[in-house]
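Per this note's numbering, the very first residue in the sequence shown carries number 17; after that it's consecutive. Note that CB positions come from ideal geometry on N, CA and C, so glycine has one too. Keep in mind the model is a prediction, meaning the values are calculated, not measured. To keep things clear, I will list the structure first and then write my remarks on it.
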Amino acid sequence: MSDVVIRVENLGKQYRIRHQQAERYTALRDVIAQKCAAPFRALFRRNGSPLRLDRGEVSNSHSLSTHNSQPASEDFWALKDVSFDVKRGEVVGIIGRNGAGKSTLLKILSRITEPTEGRVRIKGRVASLLEVGTGFHPELTGRENIFLNGAILGMNRAEIVRKFDEIVTFAEVERFLDTPVKRYSSGMYVRLAFAVAAHLEPEILVVDEVLAVGDSEFQRKCMGKMKDVAANSGRTVLFVSHNLAAVAQLCSQALLISSGRLITAGPSEQVIRLYLTNSKENNDPIRWNRDGSGAVRLSGIQALRCDGITATTFEMGESLTLRLDGLARDAGIQFSVAVQFTTEDGIPVVYAYNQSESFRVRVGEAFTLDVLMTGVVLMPGTYLVNVWFGNAGIEHYDYVRGCFAFDVIQSADIPVSLNISQQLGLIYCHPRVHFHDVPAGMPSR
17 MSDVVIRVEN LGKQYRIRHQ QAERYTALRD VIAQKCAAPF RALFRRNGSP
67 LRLDRGEVSN SHSLSTHNSQ PASEDFWALK DVSFDVKRGE VVGIIGRNGA
117 GKSTLLKILS RITEPTEGRV RIKGRVASLL EVGTGFHPEL TGRENIFLNG
167 AILGMNRAEI VRKFDEIVTF AEVERFLDTP VKRYSSGMYV RLAFAVAAHL
217 EPEILVVDEV LAVGDSEFQR KCMGKMKDVA ANSGRTVLFV SHNLAAVAQL
267 CSQALLISSG RLITAGPSEQ VIRLYLTNSK ENNDPIRWNR DGSGAVRLSG
317 IQALRCDGIT ATTFEMGESL TLRLDGLARD AGIQFSVAVQ FTTEDGIPVV
367 YAYNQSESFR VRVGEAFTLD VLMTGVVLMP GTYLVNVWFG NAGIEHYDYV
417 RGCFAFDVIQ SADIPVSLNI SQQLGLIYCH PRVHFHDVPA GMPSR
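Next up, the structure:
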């Protein structure tokens with residue numbers, strides 16, 4: 017395997033999904049009626065009379081055969097035919113939609129669950145942070161769980177003691193170190209779990225989206241620590257996240273998983289671009305969240321680079337043009353356009369409105385507008401686009417929220433040693449700083 021520390025070959029994981037059997041709905045009045053009729057039915061049976069079902073009654077067997085059209089269970093492949101290699105010292109991001117199979121893959125690599133087919137070969141100790149509560153005993157204190165996790169990783173007591181103070185300082189749980197972790201908040205739990213996993217020197221660190229539980233400051237610390245683990249210690253990191261900007265910033269390589277299958281593996285920027293290009297959930301007009309009279313409607317949206325190439329990932333400061341396709345329902349419509357960028361949490365970042373300029377279209381006419389967004393340097397992160405067509409003060413024709421998503425990644429013009437993200441702010445500015453000498457004898461202000 018040379019420098020390969022993880023080799024996955026034709027991996028598959030199958031689950032059996034059981035379905036609840038449909039049963040005939042029974043109302044309270046039906047139960048009462050059946051109870052009242054029971055003595056008379058017993059009398060008829062004693063007299064040898066046949067038992068006749070009243071109109072509307074069905075036997076249980078008939079109800080099941082009539083209403084239960086689906087099988088009792090079915091097989092579901094959470095992963096199928098997945099193969100890839102990870103080399104020593106690489107930081108690999110794993111991306112994909114919810115339910116794609118990312119967490120299942122990490123559980124197999126962490127030896128929490130066994131694969132149905134294929135095999136995995138791993139060189140070195142694996143420390144995993146998959147979900148809140150994984151690997152900790154709730155009745156033990158924070159101190160005891162640190163030693164427990166170290167022992168599970170195969171470390172002796174002296175090695176754990178050497179790292180103990182670093183773990184406690186990083187996790188910021190000094191006051192609660194001798195409290196059972198079942199009394200910890202989810203944020204405290206994750207802080208301690210990550211600190212243990214990152215500082216006990218495993219050869220491979222596996223981190224799922226669980227870091228989202230922590231606050232922004234701790235997330236920043238974790239990102240820096242994972243980068244340090246790979247760069248300075250030569251250890252391998254597998255990182256699952258829906259924050260594509262974080263993946264682009266932290267990971268040199270990435271895997272794209274969809275419906276349990278590996279779509280592609282390669283440089284993180286290329287994989288992220290493919291994922292965003294193929295992602296249709298935000299670009300499907302049928303699913304758009306919109307309101308308005310509909311006199312003018314947005315029918316499509318793309319983002320273009322300065323060379324006219326469509327893209328979903330841009331560097332900081334790179335010019336971006338939004339190409340808006342629309343359709344007019346009524347004749348002689350005159351409208352203006354507004355565009356808003358927000359964070360994934362809905363925080364407004366940029367608002368652009370051409371109030372002094374309007375457009376007139378004919379009924380049934382399709383049109384295209386190019387909106388050039390310049391002079392704004394967004395911080396790395398994912399941004400959503402809202403589009404508004406309307407006549408200010410008169411009518412809203414169409415207001416579409418979250419109709420497009422794009423990512424901003426760190427620019428080569430920004431020093432790579434500077435770890436910047438949306439946690440520091442949303443707009444980046446490079447200031448001009450003038451230094452003023454204070455003349456001798458003058459008090460400084």
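- A Cβ-Cβ separation of about 18 Å leaves Val-108 out of contact with Phe-210 under the 8 Å criterion.
- In the DSSP assignment, Tyr-200 falls outside any beta strand (DSSP E), carrying neither H nor E.
- CA-to-CA, the gap between Asn-370 and Phe-451 works out to about 40 Å.
- The region 92–159 is shown to contain whole alpha helix (DSSP H) runs of 4 or more residues at 118–125, in chain order.
- If you draw a straight line from the Cα of Gly-134 to the Cα of Leu-400, it comes to about 39 Å.
- Residue Ser-275 holds the alpha-carbon nearest to the alpha-carbon of Phe-92 among Ala-167, Val-142 and Ser-275.
- Spanning the alpha carbons of Phe-234 and Ala-247 requires a straight line of approximately 20 Å.
- Secondary-structure assignment with DSSP links Asp-414 through a beta bridge to Phe-405.
- Each of Ser-352, Leu-266 and Val-392 was checked against the Cα of Gly-333, and the nearest Cα belongs to Val-392.
- In the structure shown, Asn-172 adopts coil according to DSSP, grouped into three states.
- Within a 10 Å sphere around the beta-carbon of Tyr-205 sit 16 or more other beta-carbons, which makes this residue buried.
- Contact check for Glu-219 and Arg-251: beta-carbon distance about 6 Å, within the 8 Å limit, so the pair qualifies.
- The region 165–183 and the region 109–125 do not touch, with fewer than three beta-carbon pairs separated by less than 8 Å.
- Nearest to Lys-103 by C-alpha distance, out of Gln-350, Leu-164, Thr-384 and Val-253, is Val-253.
- The beta-carbon distance between Leu-266 and Ile-288, rounded to whole angstroms, is 12 Å. This is too long to meet the 8 Å contact definition.
- Inclusion of Ala-319 and Phe-422 in the CB contact set at 8 Å is warranted, their separation being smaller than that value.
- According to the DSSP assignment, Leu-266 belongs to the alpha helix (DSSP H) that extends over 260–266.
- With 16 or more other Cβ atoms inside 10 Å of its own Cβ, Arg-313 counts as buried.
- Sequence-distant partners of Tyr-367 (beyond 5 residues in either direction) whose C-beta falls short of 6 Å from its own C-beta, in its chain, are Gln-356.
- Secondary structure at Glu-373: coil, using DSSP grouped into helix, strand and coil.
- Annotated three-state conformation of Pro-364 is strand, per DSSP.
- Per DSSP, reduced to three states, the secondary structure at Gly-441 is coil, with no helix or strand assignment.
- Rounded to whole angstroms, the separation of the alpha carbons of His-446 and Glu-106 is 32 Å.
- Annotation for Met-242: Val-107, Ala-214, Leu-221, Val-223, Val-253, Phe-255 and Leu-266 place their beta carbon closer than 8 Å to its own, counting only its chain and skipping 5 residues before and after.
- In the DSSP assignment, Gln-30 falls within the unbroken beta strand (DSSP E) covering 20–34.
- Apart from the 5 residues on each side of it in sequence, His-412 sits with its Cβ closer than 6 Å to the Cβ of Gly-308 and Gly-406 in its chain, given in chain order.
- Bounds of the beta strand (DSSP E) holding Glu-331 are 329–331.
- DSSP, read as helix, strand or coil, puts Arg-345 in coil.
- Separation of the CB atoms of Gly-158 and Val-197 is rounded to 6 Å, and the pair is thereby assigned contact status at 8 Å.
- Around the beta-carbon of Ala-347, fewer than 16 other beta-carbon atoms lie within 10 Å, marking it exposed.
- The residues Leu-336, in chain order, have a CB closer than 6 Å to that of Met-389 in the same chain once the five nearest residues on each side in sequence are set aside.
- Assignment of Val-392 by DSSP, reduced to helix, strand and coil, places it in the coil class.
- Rounded to the nearest angstrom, the gap between the Cα atoms of Met-395 and Asn-402 is 18 Å.
- For Phe-451, no beta strand (DSSP E) segment is defined, and its DSSP state is neither H nor E.
- Secondary structure at Pro-55: helix, using DSSP grouped into helix, strand and coil.
- Only residues of its own chain outside the window of five on either side were considered, and among them Gln-318, Ala-319 and Leu-320 have a CB closer than 7 Å to the CB of Thr-326, listed in chain order.
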